[in-house]
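Chains A and B are the protein sequences, given in the same order. Quick note on my numbering: the first sequence kicks off at 14 and runs consecutively. Quick note on my numbering: the second sequence kicks off at 14 and runs consecutively. Just below is one structure, and these are the notes that go with it.
Number of protein chains: 2
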Amino acid sequence: MTTGDPGNTVAYIYNSAVAASAVSAAWELGALDQLDQRGSLDVHEFAADHRLDVPATLGLFRALASVDIVHREDAKVVPGPHFAETLRTRSFFHWLTRGSAELFRRMPELLREENRVGDFHRRDSAAIARACREISAFCYDPWFWEAVDGLDFAVSAVADLGCGSGDRLIKLLERRPGARAVGVDIARPALDVAQEAAAAAGLADRVTLLEADVRTMEARPELAGVDLLTCFMMGHDFWPRDRCVDTLRRLRALFPDARRFLLGDATRTVGVADRDLPAFALAFECGHDIMGTFIPTAGDWESVFEEGGWRLLRKHSIDIAVGEVIFELERL
Amino acid sequence: MTTGDPGNTVAYIYNSAVAASAVSAAWELGALDQLDQRGSLDVHEFAADHRLDVPATLGLFRALASVDIVHREDAKVVPGPHFAETLRTRSFFHWLTRGSAELFRRMPELLREENRVGDFHRRDSAAIARACREISAFCYDPWFWEAVDGLDFAVSAVADLGCGSGDRLIKLLERRPGARAVGVDIARPALDVAQEAAAAAGLADRVTLLEADVRTMEARPELAGVDLLTCFMMGHDFWPRDRCVDTLRRLRALFPDARRFLLGDATRTVGVADRDLPAFALAFECGHDIMGTFIPTAGDWESVFEEGGWRLLRKHSIDIAVGEVIFELERL
Numbered sequence: 014m015t016t017g018d019p020g021n022t023v024a025y026i027y028n029s030a031v032a033a034s035a036v037s038a039a040w041e042l043g044a045l046d047q048l049d050q051r052g053s054l055d056v057h058e059f060a061a062d063h064r065l066d067v068p069a070t071l072g073l074f075r076a077l078a079s080v081d082i083v084h085r086e087d088a089k090v091v092p093g094p095h096f097a098e099t100l101r102t103r104s105f106f107h108w109l110t111r112g113s114a115e116l117f118r119r120m121p122e123l124l125r126e127e128n129r130v131g132d133f134h135r136r137d138s139a140a141i142a143r144a145c146r147e148i149s150a151f152c153y154d155p156w157f158w159e160a161v162d163g164l165d166f167a168v169s170a171v172a173d174l175g176c177g178s179g180d181r182l183i184k185l186l187e188r189r190p191g192a193r194a195v196g197v198d199i200a201r202p203a204l205d206v207a208q209e210a211a212a213a214a215g216l217a218d219r220v221t222l223l224e225a226d227v228r229t230m231e232a233r234p235e236l237a238g239v240d241l242l243t244c245f246m247m248g249h250d251f252w253p254r255d256r257c258v259d260t261l262r263r264l265r266a267l268f269p270d271a272r273r274f275l276l277g278d279a280t281r282t283v284g285v286a287d288r289d290l291p292a293f294a295l296a297f298e299c300g301h302d303i304m305g306t307f308i309p310t311a312g313d314w315e316s317v318f319e320e321g322g323w324r325l326l327r328k329h330s331i332d333i334a335v336g337e338v339i340f341e342l343e344r345l
Numbered sequence: 014m015t016t017g018d019p020g021n022t023v024a025y026i027y028n029s030a031v032a033a034s035a036v037s038a039a040w041e042l043g044a045l046d047q048l049d050q051r052g053s054l055d056v057h058e059f060a061a062d063h064r065l066d067v068p069a070t071l072g073l074f075r076a077l078a079s080v081d082i083v084h085r086e087d088a089k090v091v092p093g094p095h096f097a098e099t100l101r102t103r104s105f106f107h108w109l110t111r112g113s114a115e116l117f118r119r120m121p122e123l124l125r126e127e128n129r130v131g132d133f134h135r136r137d138s139a140a141i142a143r144a145c146r147e148i149s150a151f152c153y154d155p156w157f158w159e160a161v162d163g164l165d166f167a168v169s170a171v172a173d174l175g176c177g178s179g180d181r182l183i184k185l186l187e188r189r190p191g192a193r194a195v196g197v198d199i200a201r202p203a204l205d206v207a208q209e210a211a212a213a214a215g216l217a218d219r220v221t222l223l224e225a226d227v228r229t230m231e232a233r234p235e236l237a238g239v240d241l242l243t244c245f246m247m248g249h250d251f252w253p254r255d256r257c258v259d260t261l262r263r264l265r266a267l268f269p270d271a272r273r274f275l276l277g278d279a280t281r282t283v284g285v286a287d288r289d290l291p292a293f294a295l296a297f298e299c300g301h302d303i304m305g306t307f308i309p310t311a312g313d314w315e316s317v318f319e320e321g322g323w324r325l326l327r328k329h330s331i332d333i334a335v336g337e338v339i340f341e342l343e344r345l
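Shown next, in the form of structure tokens:
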């Protein structure tokens with residue numbers, strides 16, 4: 014991975030940490046898109062267009078250049094050898110350096126047992142949401158649509174558990190003109206965004222949004238008739254094991270007409286050496302360890318379905334970054 | 014620096030950002046010292062000794078192992094090929110991921126002109142102080158004492174501008190039994206620490222501590238008779254140029270008996286390619302650019318001394334990480 018001079022390599026590790034913050038900033042400020050679309054960027058013009066401070070903006074591009082994400086000659090910036098891969102994985106950087114920064118900054122405090130009580134950690138939920146929208150699209154969407162298109166029945170109603178800003182529901186309804194949808198989320202602000210998005214897409218009358226915790230929600234009339242359940246990037250919150258089995262059973266009872274359940278999530282890495290961990294896996298697992306959230310392996314999941322009242326029909330292993338998998342389940 | 018596979022290299026950049034936070038945490042929690050002194054560490058024992066959460070502590074060492082700072086086999090951790098250099102530069106990591114984390118997390122907001130008004134940035138001053146105490150010792154001390162020992166007069170009174178917790182003053186008085194000292198700092202908490210440290214060293218009656226901004230302080234009787242002025246790691250706050258010239262002139266007038274002025278600080282890198290920047294230089298310069306603090310080059314400094322009433326006798330170029338230099342000045 015790196016050459017032999019420890020001084021240079023440690024400088025590379027150090028500068029990478031600065032560059033990681035700069036990747037998130039460059040994404041938010043539009044610099045990554047401009048470099049991708051136009052192939053170059055002038056720091057003075059870019060700063061003027063976006064009303065940014067010039068020395069600080071130059072600092073951002075120096076940080077990216079220090080690890081060859083871009084190359085810089087004075088104020089002229091062009092993509093470097095690691096640009097394309099960084100562009101592809103920018104949402105992982107954002108999750109880490111914007112959404113979860115507070116968690117990693119406070120690592121020394123948060124490791125101490127005495128500080129791990131109550132509501133002991135804080136992340137930036139708006140930043141996490143921004144990152145996760147792109148992570149969801151690039152890690153799950155192709156496989157998700159393949160699974161949806163492969164269903165052996167016509168969907169009449171879908172419920173998305175942890176629907177967030179409603180992207181998945183809206184796309185589903187656009188592809189299934191006769192269907193209706195129920196979105197469930199614990200976060201009111203996300204549901205407000207989903208409501209607006211549904212209205213903008215002319216789908217308001219086909220969407221019901223419910224503010225509830227998926228793990229404890231009660232039966233409701235809107236849940237009858239739902240034949241497809243989907244749940245992405247939140248299944249690890251069902252765990253530990255006993256609670257997960259309970260939740261799976263509850264969902265089976267709450268949605269008596271559900272024929273299929275598409276459950277997609279990241280799973281804990283198994284058998285990968287520390288130095289071979291792909292981008293995101295380390296931060297995702299370490300971050301959840303700091304927060305005290307159990308992340309199941311794919312094997313852990315496979316051990317609970319029958320007990321929870323579901324049969325595993327198919328497993329789509331995606332494995333882009335952190336053991337992403339989609340389980341396709343049917344009622345037992 | 015790195016092999017050709019962009020996917021692997023970007024994962025290395027990404028994991029380096031997680032590891033950088035882990036370096037600071039491992040220093041604060043005593044793990045770096047234990048690995049240095051005992052050559053190995055068991056995660057379960059270490060967590061029990063320090064009352065830490067086990068999975069989160071394991072996460073910390075996985076992060077260090079991902080970029081070969083340590084090697085890990087299950088719970089057994091030993092130093093890796095980059096351990097020694099990381100240990101040496103841990104204070105730079107701490108400055109970045111603990112002291113200045115907030116600055117880099119908020120990069121996208123803080124670059125925007127509209128947000129750069131008033132007191133727009135915040136750092137963790139206690140964390141910065143911890144990092145800077147070690148940075149000062151390892152970047153400046155050997156050269157500082159060489160300069161002090163080379164003085165051609167017997168010091169009777171020294172004033173340290175920006176004295177912080179008083180380390181430098183106390184060591185000076187221990188080496189110069191007949192001398193007295195004046196410490197000036199803007200931060201009351203630092204002066205309280207200095208007061209205690211002086212008392213503990215039995216030097217309270219030889220030390221005067223003054224709470225004041227070096228750039229605007231008024232004449233005081235205690236300043237008469239001071240023949241040695243020292244000022245470390247704060248000279249960049251004298252700038253921009255006009256204000257720096259004024260401050261140098263003011264100091265010349267405030268300390269009418271000063272024969273020598275040892276001024277040590279980091280200076281802005283000149284002529285180093287972005288990808289060759291050593292650890293700390295990039296973060297130090299980029300961080301000050303985000304804060305809008307001008308960092309002079311060594312050349313900028315050399316251009317102000319005569320105008321400010323001082324003659325440059327000698328220049329000690331240290332250049333460990335960020336153009337550290339000690340200027341030895343005498344009154345014109």
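Beta carbons are placed, not taken as given, at the ideal position from N, Cα and C, and that holds for glycine.
Select from the region 97-110 of chain B all residues with a C-beta closer than 8 Å to any C-beta belonging to chain A, and list them in chain order. 97, 98, 99, 102, 105, 106, 109, 110
Does residue 63 of chain A come within less than 9 Å of chain B when only Cβ atoms are used? yes
Pairwise C-alpha distance: residue 101 of chain A and residue 15 of chain B: Per-residue confidence for residue 15 of chain B stands at a pLDDT of 47, beneath the threshold of 50, marking its modelled position as unreliable; the derived number appears in the next sentence. Spanning the two alpha carbons is a distance of roughly 19 Å.
Tell me whether the beta-carbon of residue 106 of chain A lies closer than 9 Å to the beta-carbon of residue 30 of chain B. yes
Inter-residue Cα distance where the pair is residue 78 of chain A and residue 288 of chain B: 6 Å
Exposure label - residue 51 of chain A; buried when at least 16 CB within 10 Å: exposed
Less than 8 Å between the CB atoms is what I'm expecting for residue 176 of chain B and residue 331 of chain B, so what's the real figure, rounded? Contact flag wrong, Cβ pair sits at about 20 Å.
I'd like to confirm the pairing. Which residues does DSSP put opposite residue 84 of chain B in its beta bridges? B/91
Quick check on residue 314 of chain A: buried or exposed, where buried means 16 or more other Cβ atoms within 10 Å of its Cβ? buried
Which residues in the same chain as residue 28 of chain B place their Cβ atom closer than 8 Å to its Cβ, once the five residues preceding and following it in sequence are excluded? 76, 79, 80
For residue 336 of chain A and residue 280 of chain A, the rounded distance between their alpha carbons: 5 Å
Look at the alpha carbon of residue 321 of chain A and the alpha carbon of residue 22 of chain B, and state the distance between them as a whole number of angstroms. 41 Å
Please list, in chain order, all residues of the same chain as residue 85 of chain B whose beta carbon is under 6 Å from its beta carbon, the five residues on each side excluded. 74, 78
With three or more C-beta pairs closer than 8 Å as the rule, is the region 164-171 of chain A touching the region 232-244 of chain A? yes
Quick check: what's the CA-CA separation for residue 204 of chain A versus residue 276 of chain B? 58 Å
How long is the line joining the alpha carbons of residue 42 of chain A and residue 94 of chain A, rounded to whole angstroms? 21 Å
Report yes if the CB atom of residue 45 of chain A is closer than 9 Å to the CB atom of residue 103 of chain A, and no otherwise. yes
Presumed contact (8 Å Cβ cut-off) between residue 245 of chain B and residue 149 of chain B, rounded CB distance: 6 Å
Here's a check: name, in chain order, each residue in its chain whose Cβ is nearer than 7 Å to the Cβ of residue 40 of chain B, leaving out the five neighbours to either side. 103, 107
Can you list the residues of chain A that residue 249 of chain B reaches, using a CB-CB cut of under 9 Å? Neighbours of residue 249 of chain B on chain A: none; closest Cβ ~14 Å, over 9 Å.
Length of the line joining the Cα atoms of residue 214 of chain B and residue 192 of chain B: 15 Å
Could you say if the region 224-239 of chain B and the region 294-310 of chain B meet the contact criterion of at least three C-beta pairs nearer than 8 Å? no
Could you check what DSSP says for residue 245 of chain B in three-state terms: helix, strand or coil? strand
Could you work out which residues of chain A lie near residue 127 of chain B, taking near to mean beta carbons separated by less than 8 Å? 64
Measuring only between beta-carbons, confirm whether residue 14 of chain A sits less than 9 Å from chain B. With a pLDDT of 44 at residue 14 of chain A, under the threshold of 50, the modelled position of this residue cannot be trusted, and the question is left open.
Which residues in chain A have a C-beta closer than 8 Å to the C-beta of residue 288 of chain B? List them in chain order. 78, 79, 80, 81
Looking at the ligand PLP, does it come within less than 8 Å of residue 197 of chain B, judged from the CB to the closest heavy atom? Absent from the structure shown: the ligand PLP. Ligands present: none.
Is there a Cβ from chain D that is less than 9 Å from the Cβ of residue 123 of chain B? You won't find chain D in this structure, because its protein chains are A and B.
List the residues that DSSP assigns as beta-bridge partners of residue 330 of chain A. A/338
The region 129-159 of chain A: which residues have C-beta closer than 8 Å to a C-beta of chain B, in chain order? 129
If you measure beta-carbon to beta-carbon, which residues of the region 292-320 of chain A are closer than 9 Å to chain B? 292, 293, 294, 295, 296, 298, 299, 300, 301, 302, 303, 304, 305, 307
Are the Cβ atoms of residue 272 of chain A and residue 127 of chain B separated by less than 9 Å? no
Determine, using beta carbons only, whether residue 53 of chain A comes closer than 9 Å to chain B. no
Which residues in the same chain have their Cβ closer than 7 Å to the Cβ of residue 270 of chain A, if we skip the five residues on either side of it in sequence? 237, 238, 239, 240
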